[in-house]
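Chemist:
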Amino acid sequence: TMFRNEKATQWEGGFRVPTAIRWPGVIEPGTVINDIGAHEDMLPTLLAATGDPDVKEDLLKGKKVGGRKYKVHLDAYNLLPALKGEAEWPRKEFLYWTDDGSIAALRYNNWKITFLRQNAHGMHVWEAPYEQLRMPMVGNLRTDPFERAHSEAIGYGRWQFDHMFVFAPAGYYVGEWLQSFREFPPRQKPGSFSLDRVMESITKGAGDK
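Heads up: take any position in the sequence shown, counting from 1, add 9, and you land on our numbering.
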């Protein structure tokens, strides 16, 4: 795409997708939204459209569906009121997770703070490790949607220094999200191309005998 890099990176080219919604009589034709959305937001949004606007809250308390009870934390927002023009856009943040289960970056509003950076391109992104930055990289996706400023703008270093205040809200968003793991821990480990887990299971199995 026009956005930088591709899948298996923290760059926008690995995450951004266009979305088009048509609902005559409900959503105003020609509406353009530049706010943040995520695929998981479609679940509560579509359920709200069918008459169940409280699925997220119900699942937090425990909801019985099809004879089975589900008690989960759904990291999603009901976008329907905002799409209908009746409320503010609810999602202000988005976490960029790697396929190895690490937080690579955070976006809130127009700010993007990168903690892990993939410097490889093409198929090499599957081979090369992420670079852990000593200081997060700051970007503004409204003014620099293609993420070129940090490597091509002459005054980027000074600009980043002047905008370090964005680190404080970033810590809040990440901390608040991780707090949900206390009651709702991850249900499975992420996949891995490494043999480390294979060796771990082999040695553990040998030790059990």
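Think of the CB as a built atom: it goes at the ideal place given N, C-alpha and C, for glycine as much as any other residue.
All values derive from a computational prediction rather than experimental measurement.
Could you tell me the alpha carbon to alpha carbon distance between N128 and G22, rounded to whole angstroms?
Modeler: Each residue's Cα considered, the two are about 13 Å apart.
Chemist: Please give me, in chain order, every unbroken run of the beta strand (DSSP E) with length at least 3 that falls completely inside the segment 94-139.
Modeler: 102-106, 112-117 and 120-126, all fully within the segment 94-139.
Chemist: With three or more C-beta pairs closer than 8 Å as the rule, is the segment 62-82 touching the segment 109-126?
Modeler: Segments in contact, no.
Chemist: Count the other C-beta atoms from every protein chain shown that fall within 10 angstroms of the C-beta of F24, then say buried if there are 16 or more, exposed otherwise.
Modeler: It is buried - the Cβ of F24 has at least 16 other Cβ atoms within 10 Å.
Chemist: So the beta strand (DSSP E) Y165 belongs to, where does it begin and stop?
Modeler: It is not in any beta strand (DSSP E) - Y165 instead sits in the alpha helix (DSSP H) that spans Y165 to D171.
Chemist: Would you kindly work out how many angstroms separate the C-alpha atoms of Q141 and Q19, rounded to a whole number?
Modeler: Taking the straight line joining both Cα atoms gives about 12 Å.
Chemist: Evaluate I30 with the Cβ neighbour count: other Cβ atoms within 10 Å of its Cβ, from every protein chain shown; 16 or more gives buried, anything less gives exposed.
Modeler: I30 is exposed by the Cβ-count criterion.
Chemist: Given that a residue counts as buried once 16 or more other Cβ atoms are within 10 Å of its Cβ, and exposed if not, what is V175?
Modeler: It is buried - the Cβ of V175 has at least 16 other Cβ atoms within 10 Å.
Chemist: Quick one: give me the first and last residue of the alpha helix (DSSP H) that Y86 is part of.
Modeler: Neither: Y86 is in no alpha helix (DSSP H) and is coded neither H nor E.
Chemist: Looking only at its chain, what residues have a beta carbon closer than 7 Å to the beta carbon of V35, apart from the 5 residues adjacent to it on each side?
Modeler: So the qualifying residues of the chain are K93.
Chemist: With burial defined as no fewer than 16 other Cβ atoms inside 10 Å of the residue's Cβ, what is the status of W266: buried or exposed?
Modeler: Because the chain in this structure spans residues 10 to 218, residue 266 falls outside the shown range and cannot be described.
Chemist: Which residue wins for smallest C-alpha separation from G200, given the options Y86, W135, A58 and L56?
Modeler: Looking at the Cα atoms, W135 is the closest of the given residues.
Chemist: For the alpha helix (DSSP H) that K70 lies in, which residues bound it at each end?
Modeler: It spans V64 to K70 - the alpha helix (DSSP H) in which K70 sits, taken as one unbroken run.
Chemist: With DSSP collapsed to three states, give me the class of M11.
Modeler: If DSSP states are grouped into helix, strand and coil, M11 belongs with coil.
Chemist: Quick check: does the Cβ of G60 come within less than 6 Å of any heavy atom belonging to the ligand FAD?
Modeler: Here there are no bound small molecules, and the ligand FAD is not part of this structure.
Chemist: Are A57 and L89 close, meaning C-beta to C-beta below 7 Å?
Modeler: In contact: A57 and L89 (Cβ atoms closer than 7 Å).
Chemist: Determine the direct distance from the alpha carbon of V81 to that of N14, and round the result to whole angstroms.
Modeler: Distance between the alpha carbons of N14 and V81: 33 Å.
Chemist: Beta-carbon within less than 7 Å of L104's beta-carbon, same chain only, minus the 5 sequence neighbours each way: which residues are those?
Modeler: Correct list, in chain order: I112, L115 and W186.
Chemist: In or out: E156 buried (at least 16 other Cβ within 10 Å) or exposed?
Modeler: Buried, by the Cβ-count rule.
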